[in-house]
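Its first residue numbered 383, the sequence shown is counted upward by one per residue in our numbering.
A virtual CB, placed ideally from N, CA and C, is assigned to each residue, including glycine.
In this text the structure is predicted, and so the values were computed from the model without any measurement.
In what follows, a structure is listed as C-alpha cells, so that the remarks can point back to it.
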Amino acid sequence: MVVAQQSLHQPMYLLISLLLAVSICVAATVMPTMLFSFSTHFNRISLPCCLLQMFCIYFLIVFDCNILLVMALDCYIAICYPLCYPEIVTGQLLAGLVGAAAARSTCILAPPHLIHHFACEHMALMKLSSGDISPNKTVGLTVHIFNRVLDMRLPGASYSRIIHAAFWISSGRAHSKALNTCGSHLLVIFTVYSSTMSSSIIYCVAPTASLAMHNSLSALYLLLPCLVNPVIYGAGTKEIRQHLATLFQLCSKRQSY
383 MVVAQQSLHQ PMYLLISLLL AVSICVAATV MPTMLFSFST HFNRISLPCC LLQMFCIYFL
443 IVFDCNILLV MALDCYIAIC YPLCYPEIVT GQLLAGLVGA AAARSTCILA PPHLIHHFAC
503 EHMALMKLSS GDISPNKTVG LTVHIFNRVL DMRLPGASYS RIIHAAFWIS SGRAHSKALN
563 TCGSHLLVIF TVYSSTMSSS IIYCVAPTAS LAMHNSLSAL YLLLPCLVNP VIYGAGTKEI
623 RQHLATLFQL CSKRQSY
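Now the structure itself:
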C-alpha cells in the first residue's frame with residue numbers, strides 16, 4: 383500500500399513499511415522450521431543451519447529495535463518541529479539512519495546434540511557446551527543490558543518532549559493524536575524490550591527455570607511484534623487505514639461485477 387500510493391511516500395510511512403517487512407522476515411526465520419517440526423515431529427537441525435538461523439534472528443530483532451529508535455526520532459521532529467520537518471527529515475537522512483541501524487545490528491551480534499527450543503538462540507546453543515559458560519553468560523547479559531538501556535534513552539527523551547509539547551497544543555484533536563501516537567509506540571517498545579530482557583535475565587539468573595517459560599518468553603519477543611505491529615502501525619494509522627478501506631471497496635465492486 384505504501385509503495386502503491388504516492389501520498390504515502392513520506393518518511394513515517396516508509397519506516398512503518400520497513401518495520402512490518404522486518405517483522406515478516408522474523409516470522410519467516412522462525413515459523414517454517416517450527417511448523418515443520420510440529421507437523422512431522424522431525425526435530426533435527428544441522429549446526430550450520432542453526433547458526434544461520436541464530437544470526438538472522440538476532441540481526442532482525444536488533445534491526446527491529448533500531449527502526450523503533452528511528453521512528454521515535456522521526457515522531458519527535460514531526461510533533462515538536464512541524465514547520466522544519468521537511469527540511470530536517472530528508473531522504474538522505476532517512477537512508478543514513480536506516481543504514482546506521484543495519485550496521486549497528488551487525489556489530490552487536492556475537493557469533494549440537496539437542497536444543498529444547500523451537501528456535502536456535504544463543505544461550506540455548508551455549509548450554510550444549512561441556513565447559514564453563516558463566517563468562518559467556520555474564521558478557522552476553524552485560525552487553526544486552528547496556529544496549530537496551532542505551533536504546534531506551536532516545537525513545538525516553540523523544541517521547542517525554544513529545545508529551546510535553548502535546549500539552550501545549552491548542553487543538554484538542556491534535557493533542558489526542560499526539561498522545562495516541564506516543565501510547566502505541568511506547569506499547570510496542572515496552573513489549574519488545576521487556577520480553578527480550580526477561581528472556582536473557584532468566585537464562586542467566588534462573589538456570590533451573592522451566593523449558594516452557596523459556597519458550598514462552600522466546601515466542602513473545604520473536605512472534606508477538608509480528609502480530610501487533612501490522613495492527614498498531616498499519617491498520618492503526620489513519621491514512622493507511624483509509625487507503626486499505628478504499629482498496630477493499632474496489633475489490634468488492636469488481637467481485638460483484
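Give me the residue from Leu523, Cys431, Gly522 with the minimum Cα distance to Thr415.
Here the question's residue 415 lines up with position 33 in the sequence shown. Minimum Cα distance to Thr415 is reached at Cys431.
Enclosing alpha helix (DSSP H) for Thr619 [first to last residue]:
Within the sequence shown, the letter at position 237 stands for residue 619. Here Thr619 belongs to no alpha helix (DSSP H), and DSSP marks it neither H nor E.
Tell me where the alpha helix (DSSP H) around Met416 begins and ends.
The residue given as residue 416 occupies position 34 in the sequence shown. It spans 393-422 - the alpha helix (DSSP H) in which Met416 sits, taken as one unbroken run.
Measuring alpha carbon to alpha carbon, tell me which residue in Arg636, Glu621, Gln631 is nearest Gln387.
Counted from its first residue, the sequence shown places residue 387 at position 5. Of the listed residues, the one whose Cα sits closest to Gln387 is Glu621.
Less than 8 Å separating the beta-carbons of Tyr458 and Ser540?
Here residue 458 corresponds to residue number 76 of the sequence shown, with the count starting at 1. Here residue 540 corresponds to residue number 158 of the sequence shown, with the count starting at 1. Yes; because the gap between Cβ atoms is below 8 Å, this pair is in contact.
Whole-angstrom C-beta distance between Leu401 and Tyr344, which should lie under 8 Å:
Residue 344 lies beyond the residue range present for the chain, which begins at 383 and ends at 639; the question has no answer from this structure.
Buried or exposed by the 16-neighbour rule on C-beta atoms within 10 Å, applied to Pro517:
Position 135 of the sequence shown holds residue 517. With fewer than 16 other Cβ atoms within 10 Å, it is exposed.
Is it buried or exposed, Phe572, if we count other Cβ atoms within 10 angstroms and call 16 or more buried?
As a position in the sequence shown, residue 572 is number 190, starting the count at 1. Exposed, since its Cβ has fewer than 16 Cβ neighbours within 10 Å.
Can you grab the Cα-Cα spacing for the pair Thr422 / Ile443, in whole Å?
As a position in the sequence shown, residue 422 is number 40, starting the count at 1. As a position in the sequence shown, residue 443 is number 61, starting the count at 1. Approximately 28 Å, taken between the alpha carbons.
Hey, Val480 and Asp456: beta-carbon distance below 8 Å or not?
As a first step, residue 480 must be located in the sequence shown, where it is residue number 98. As a first step, residue 456 must be located in the sequence shown, where it is residue number 74. It is not a contact, given that the beta carbons lie outside the stated cut-off.
Span separating the alpha-carbon of Leu451 from that of Phe630:
Locating residue 451 in the sequence shown gives position 69, where the first residue counts as 1. Locating residue 630 in the sequence shown gives position 248, where the first residue counts as 1. Each residue's Cα considered, the two are about 32 Å apart.
List the endpoints of the continuous alpha helix (DSSP H) containing Val444.
Numbered from 1 along the sequence shown, position 62 holds the residue referred to as residue 444. First-last of the alpha helix (DSSP H) with Val444: 429-462.
Distance between beta carbons of Ala501 and Ile439, contact taken as under 8 Å:
Start at 1 with the first residue of the sequence shown, and residue 439 comes out as number 57. Start at 1 with the first residue of the sequence shown, and residue 501 comes out as number 119. Between Ala501 and Ile439 the Cβ distance is about 6 Å, and since that is below 8 Å, they are a contact.
Ser600: first and last residue of the uninterrupted alpha helix (DSSP H) it sits in:
Along the sequence shown, read from residue 1 onward, the residue named residue 600 stands at position 218. Residues 593-611.
Less than 8 Å between the beta carbons of Ser399 and Pro607, yes or no?
Residue numbering aside, residue 399 sits at position 17 when the sequence shown is read from its first letter. Residue numbering aside, residue 607 sits at position 225 when the sequence shown is read from its first letter. In this structure, Pro607 does not lie closer than 8 Å to Ser399 by Cβ.
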